[in-house]
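2 protein chains.
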Amino acid sequence: MSPVETARPGSVGVVETQYVDLPGPLALDCGRELSQVRVAYETYGELSPTRDNVILVCHALSGDAHAAGVSATPGAESTRDGFAAEERDGAAGRALGWWDGMIGPGKAFDTDRFFVVSTNLLGGCRGTTGPGSTDPATGAPYGADFPVITVADMVRTERAFLDALGIERLYAVAGGSLGGMQALQWAVSHPDQVDHIVVIASTHALHPQGVAWNAIAREAIRADPDWQGGHYEGTGRKPDAGMGVARMIGHVTYLSGQALDDKFHRRLQDRDDLAYSITEPEFQVESYLEHQAASFVKRFDANTYLYTSRALTYFDLARQHGDGSLADALAGVRARTLLIAFSSDWLYPPVASEEIEAALRADGKDVELHVIDAPYGHDCFLLEEARQTPLIRAFLGEGG
Amino acid sequence: MSPVETARPGSVGVVETQYVDLPGPLALDCGRELSQVRVAYETYGELSPTRDNVILVCHALSGDAHAAGVSATPGAESTRDGFAAEERDGAAGRALGWWDGMIGPGKAFDTDRFFVVSTNLLGGCRGTTGPGSTDPATGAPYGADFPVITVADMVRTERAFLDALGIERLYAVAGGSLGGMQALQWAVSHPDQVDHIVVIASTHALHPQGVAWNAIAREAIRADPDWQGGHYEGTGRKPDAGMGVARMIGHVTYLSGQALDDKFHRRLQDRDDLAYSITEPEFQVESYLEHQAASFVKRFDANTYLYTSRALTYFDLARQHGDGSLADALAGVRARTLLIAFSSDWLYPPVASEEIEAALRADGKDVELHVIDAPYGHDCFLLEEARQTPLIRAFLGEGG
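Taken in order, these protein sequences are the chains called F and H. Residue numbering for the first sequence is 21 to 420, as defined by the numbering used here. Residue numbering for the second sequence is 21 to 420, as defined by the numbering used here.
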C-alpha cells in the first residue's frame, strides 16, 4: 500500500479491524442460545461527546466489517469483487473497504460529521462468530450445528455489540440488500433507538424467484461431497466446487442481462473461432464467471454462505411482525426512511421498495423513495455512488 | 393407458418410437466424423404419394422423439415436466408426447393433412447416437470423448435421416427454443428444401446472460465427482447431484418471476412457521425445485445435457454464416418464416425474434412475427397451445 493511496481525498486511511466479546449469551429466533459471541468491527470518524452521531453500516451476503479505507492487515483481501472491484480497484488488489466510495470525509456517510461503525454480521466468516467458530460446548467448530439465524438475530447481535461499546442511539442504520434488511429490522425492533434508516436495493421479503436462486446456490454447496454434512472444518477439504457454482449463480443475479451484454457481448475467449470443448471456457463471460468463483472460494466460508442465504430468504416483515400485513409490521417505526432502488435490479426490484414506501405512507410515516435509472442490476448499490451520495447526504441533513 | 385416453379427440393415439441407422458417416463442424449413427424417430399422419406434406418437428434441450400421442413403450416416461406436465398430465404420469397439444388431427400441426416427423437430436440420450452410445472404434461408451456438436450438426443428422426415409423436401420445419434454432439452421443450410419454418421462443444467438446460465449448469455437472471426467457409464455412479442443480437453474430460467410468484408466493412447506433448517426445503418453491431435479435425473443423461447445452450456446447465425451480419447470414433463405415469441420469456426474449424479423425484412423475405402476451416465461412454447394454434394453422395454409 503506497502513501499515495492512503492520502487520497475522501479516504478514511488505514483501518484496523477490532473485536468485542459480548458479555452475555444471545437468545435467537430459533429458540437456541449462542454464548461467547465475538463481533469484528471497524469504525471511521469520531464519536461525538454526546454519542449522537453514530451510523451503523450493515453489509450484504459476502461482505465484512471492512467497509471503508485500506486494511491494516497485511495481505488482507478486499471483499469487493465482480464489477465493483474491477471498475475501481483495477488489478492491484488493494484491500479497499467494500463501501469505500460511500464512507469517508465529504462522502455519503461523512466521517467529518458521523462516527460510522461497521460490523461483520452474526454467522459471518470474517471475525464475528459463525459456523467456522469453535463451539464452547464441544471445543470443536460448529459447522452445520451452528444455529439457524435470522436477520433479527443479526440485529440482536448488533444491538448487544453497541451496548458493549456504550452506544445507545443510532443516528442512522444503512445498508444495501441484506444490509438494507438489517436496517429495516432495526427500525422495527428498536423504534426508539433509530432516527434514520437508509435502505438500498433491498426488500421487505424476497420474491419467490429470489428464494429459488438462493435455494439452488445452497443446494450446489450441500451437493458437494466435500461439504461433508457441514462438518468440513479440519478435514483438509472444503466444498469449493459447490461454492463456485453458488457464487456464479449469485453473480448473474446481481447483474442485469444488459450489463453482461454491454461488457461481454458474445465475444470468444482469446480466439476468433470455436475450440469445440465441453470443459473449457469458450466465451469471455464463461471465463469471467470461473474467475469470480475461484477468487470467492479463497476468501469466503461455505457454511457462512448457507446460513446467510437462509437468513435473507426467511426475512419477511409482514409475516414476522404484521400477521401478513406490511403496514401493520411497520406501524411502530419511528425512524425517517430513505429507500433507494435501481431500475435494472431484478433480484431486489424497485417494486419491493415501492411496497415499503406505500406501507409506510399508509402508516403516516416519513419516507422517501428514489428509483435510480442505472444499468448494472443489483450491484448498483456498490457501483452507483455518485448518484446515491447527494440523496443520502440530503436525507441525513447536510448541516453540521 | 386406458382406451379412453387413446380415443380422446385430437390424439394421434398410441405411437411406437422407431430407429434408422444412417448408411454413411457424418462429417461434423468440429472436424471429426461420426460413424454408425442411429436416429430415433416417430411419425404421425400419412405421407402423401408425392411426399410433399412432411413437417419436421425439432425438440429442445430435454425432449426426445416422442412428440405426440401416447407412447407404446410400457413404463415410458414423458419428457414433459415442470409446469407443462403439471398443468395437463396431472399425477397420472401418462407418457404423452412433449408437444401433444400441438400435433394431431385438427391441431396446429394437423395430422389429417401433414406427415409429421420427430427425431431425437444428435447427441441425445433417448435413442439417437449420443455420448452414452458405444463408440464403434473402442467398443466402450463415448462419454466425454463424444465429439462436440453444433446445431448445424443436428441438422446434418436430420438431413441424412430424411434421405434414409426417402424424403427430400420439407413442407415445414418447426420447433421451440433449441428446436427453433434447428428450424433456422435448416432454412440457412438447405434453402431449396424447406418451404416454411416455424421458429418459436428462439433466437439467432443466445444472449450473454443465457450463455452464463448454461455455463453454470454445465459447471454444476462437471463439478460433481460422479461425473468422473465424463466417463461415468458403467461405473454405477452418475452425476445426479450436479444434474439436479443444473436442472433447477434451467427451470427457473424457463419460467418468469411472475409465474413463480403466482404459483408459490412465499408459502411455506406444510407448516405455518419456520423449521429453521439449512438442509430441508422450507418454502414450497424450494421443494418444487427439488422434485423437478429428482424426476429429471431419472430420465436424462448428464453428458447429453452438456453437449446439447454447448451446442445451443455456440449457435450464432451471424457469426457462422454472415461474417457478423445477421442479414447476410439469412440472405439465402427461401422458406417463409413464422416467428412466435412470448412477452414474459426472458431467456429467449421477444427482442431476439424481432432481430430475426428485421434481418429477414431487410433481405426482402416473407416473414411474420407474433409476440404473445403470456405470463409463463420461456415454457410458454409448451403451454400456450391455444394461442399458437391459429397462428400456425393460418401460416401453414388451412386449405387441404
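Just so you know, even glycine gets a beta-carbon here, dropped at the ideal spot from N, CA and C.
- prompt: Do you know how far the Cα of N73/F is from the Cα of G44/F?
  reply: Taking the first sequence and counting its residues from 1, one reaches residue 44/F at position 24. Taking the first sequence and counting its residues from 1, one reaches residue 73/F at position 53. So the alpha carbons of these two residues sit roughly 26 Å apart.
message: Can you list, in chain order, the residues of its chain with a C-beta nearer than 6 Å to that of S373/F? Leave out the 5 residues immediately preceding and following it.
response: Counting from one through the first sequence, the residue named residue 373/F turns up at place 353. Same-chain partners within the cutoff: L359, A361, L389.
query: If we call anything under 8 Å between Cβ atoms a contact, is P421/F one with G254/F?
result: With chain F covering 21 to 420 only, the question about residue 421/F has no answer from this structure.
query: With 8 Å set as the bound, which would you pick, yes or no: does the beta-carbon of F316/H sit closer than that to a beta-carbon of chain F?
result: Your numbering for residue 316/H matches position 296 in the second sequence. Not closer than 8 Å to any Cβ of chain F, the Cβ of F316/H fails to qualify, so no.
- prompt: By the 10 Å Cβ neighbour count, where 16 or more other Cβ atoms means buried, how is A47/F classified, buried or exposed?
  reply: Residue mapping note: residue 47/F aligns to position 27 of the first sequence, counting from 1. That one is exposed.
field: Among T63/H, G264/H, E53/H, Q248/H, nearest to G163/H - alpha-carbon criterion
entry: The residue you call residue 163/H lines up with position 143 of the second sequence. Distances from the alpha-carbon of G163/H to those of T63/H, G264/H, E53/H, Q248/H put Q248/H closest.
task: Return the bridge partner residues of F217/H from the DSSP annotation.
output: Position 197 of the second sequence, counting from 1, holds the residue named residue 217/H. Per the sequence shown, residue 217/H should be read as Ile rather than Phe. Answer is V193/H, T357/H.
- request: Can you check DSSP and say which residues form a bridge with D130/H?
  value: Position 110 of the second sequence, counted from the start, is the residue given in the question as residue 130/H. DSSP, once it has assigned bridges, lists G124/H as partnering D130/H.
message: According to DSSP, simplified to helix, strand and coil, what is D165/F?
response: By one-based count along the first sequence, residue 165/F stands at place 145. If DSSP states are grouped into helix, strand and coil, D165/F belongs with the helices.
- prompt: Smallest Cα separation from V371/H: which of D120/F, G144/F, Q278/F?
  reply: Position 351 of the second sequence holds residue 371/H. Selected option, being the one with the closest Cα: Q278/F.
task: Have a look at L403/H and R238/F and give me their C-alpha separation to the nearest angstrom.
output: One-based indexing of the second sequence puts residue 403/H at position 383. One-based indexing of the first sequence puts residue 238/F at position 218. Rounded to the nearest angstrom, the two C-alpha atoms are 30 Å apart.
query: By a C-beta neighbour count over all protein chains shown, 10 Å radius and 16 as the cutoff for buried, is R7/H buried or exposed?
result: In the structure displayed, chain H extends from 21 to 420; residue 7/H sits before or after that span and is not available.
query: Can you list, in chain order, the residues of the stretch 359-375 of chain H whose Cβ is nearer than 7 Å to any Cβ on chain F?
result: In summary, no residue of the stretch 359-375 of chain H has a CB separated from any CB of chain F by less than 7 Å.
- prompt: Residue range of the alpha helix (DSSP H) that R407/H falls in?
  reply: The sequence position of residue 407/H within the second sequence is 387, counting from 1. It spans 405-416 - the alpha helix (DSSP H) in which R407/H sits, taken as one unbroken run.
- prompt: the stretch 44-66 of chain H: which residues have C-beta closer than 7 Å to a C-beta of chain F, in chain order?
  reply: Under the 7 Å Cβ criterion, the stretch 44-66 of chain H contributes C50.
- request: Would you kindly check if the distance between the Cβ of S276/H and the Cβ of Y368/H is under 8 Å?
  value: Stepping through the second sequence from its first residue, residue 368/H is reached at position 348. Stepping through the second sequence from its first residue, residue 276/H is reached at position 256. Result no, Cβ atoms of Y368/H and S276/H do not sit closer than 8 Å.
query: Of all the options V214/F, A87/F, V208/F, G352/F, which has the alpha carbon lying nearest to the alpha carbon of I187/F?
result: Position 167 of the first sequence holds residue 187/F. Among V214/F, A87/F, V208/F, G352/F, the Cα nearest to that of I187/F is on V214/F.
query: For V32/H, does the count of other Cβ atoms within 10 angstroms reach 16, so buried, or fall short, so exposed?
result: As a working note, residue 32/H is residue 12 in the second sequence. That one is buried.
- request: Could you tell me whether the Cβ of G150/H comes closer than 8 Å to any Cβ of chain F?
  value: In the second sequence, residue 150/H corresponds to position 130, counting from 1. For G150/H, the answer is no, since every Cβ of chain F falls outside 8 Å of its Cβ.
query: Alpha carbon to alpha carbon, how far is F316/F from H251/F?
result: Counted from its first residue, the first sequence places residue 316/F at position 296. Counted from its first residue, the first sequence places residue 251/F at position 231. One C-alpha to the other measures close to 20 Å.
task: Select from the stretch 208-233 of chain F all residues with a C-beta closer than 7 Å to any C-beta belonging to chain H, and list them in chain order.
output: A225, H227, P228, Q229, V231, A232, W233
task: Taking C-beta pairs closer than 8 Å, name the residues in chain F that P245/H reaches, listed in chain order.
output: Counting from 1 along the second sequence, the entry for residue 245/H is found at position 225. The contacting residues are P245.
query: Any beta-carbon of chain F closer than 8 Å to the one on V168/H?
result: Residue 168/H sits at position 148 when you count from the first residue of the second sequence. Chain F contact via Cβ: present.
field: Cβ of I236/F within 8 Å of any chain H Cβ
entry: In the first sequence, residue 236/F corresponds to position 216, counting from 1. True, the Cβ-Cβ gap to chain H drops below 8 Å.
- prompt: Mind checking if G277/F is an interface residue toward chain A, Cβ cutoff 8 Å exclusive?
  reply: Here chain A cannot be found, since the structure's protein chains are F and H.
- request: Could you tell me which uninterrupted alpha helix (DSSP H) segments, each at least 4 residues in length, are contained entirely in the stretch 243-304 of chain F, listed from first to last along the chain?
  value: 260-274, 277-284
- request: Kindly say whether S421/H, judged by its beta-carbon, lies nearer than 8 Å to any beta-carbon of chain F.
  value: The structure shown does not extend to residue 421/H, since chain H is modelled only from 21 to 420, so the question has no answer here.
- prompt: In this structure, does DSSP put H390/H in helix, strand or coil?
  reply: To locate residue 390/H, count along the second sequence from 1; it is residue 370. H390/H: strand per DSSP, three-state reduction.
message: Along the chain, where does the alpha helix (DSSP H) containing F181/F start, and where does it finish?
response: Looking up residue 181/F in the first sequence gives position 161. Residues 171-185.
task: With DSSP as the reference, please indicate the residues paired to C78/F in a beta bridge.
output: One-based indexing of the first sequence puts residue 78/F at position 58. BP columns for C78/F point to G195/F.
- prompt: What is the C-beta distance between A349/H and L337/H, in whole angstroms, given that I count them as a contact (C-beta under 8 Å)?
  reply: Counting from 1 along the second sequence, the entry for residue 349/H is found at position 329. Counting from 1 along the second sequence, the entry for residue 337/H is found at position 317. Confirmed, Cβ separation roughly 4 Å.
query: Is the stretch 203-211 of chain H close to the stretch 120-128 of chain H, with three or more CB pairs under 8 Å?
result: A contact is defined here as three or more CB-CB pairs under 8 Å, and the stretch 203-211 of chain H fails this definition with respect to the stretch 120-128 of chain H.
- request: Identify the continuous alpha helix (DSSP H) that holds Q340/F and give its terminal residues.
  value: One-based indexing of the first sequence puts residue 340/F at position 320. That run of the alpha helix (DSSP H) goes 337-341.
Backbone secondary structure at D49/H - three-state DSSP: Looking up residue 49/H in the second sequence gives position 29. Coil at D49/H, not helix or strand.
query: Does S399/H get closer than 8 Å to chain F when you measure Cβ to Cβ?
result: If you number the second sequence from 1, residue 399/H lands on position 379. In the sequence as displayed, the identity of residue 399/H is Asp instead of Ser. So no, D399/H is outside the interface.
- prompt: Do we get a CB-CB distance below 8 Å when we pair L81/H with the residues of chain F?
  reply: Translated into the one-based positions of the second sequence, residue 81/H becomes position 61. So, not an interface residue.
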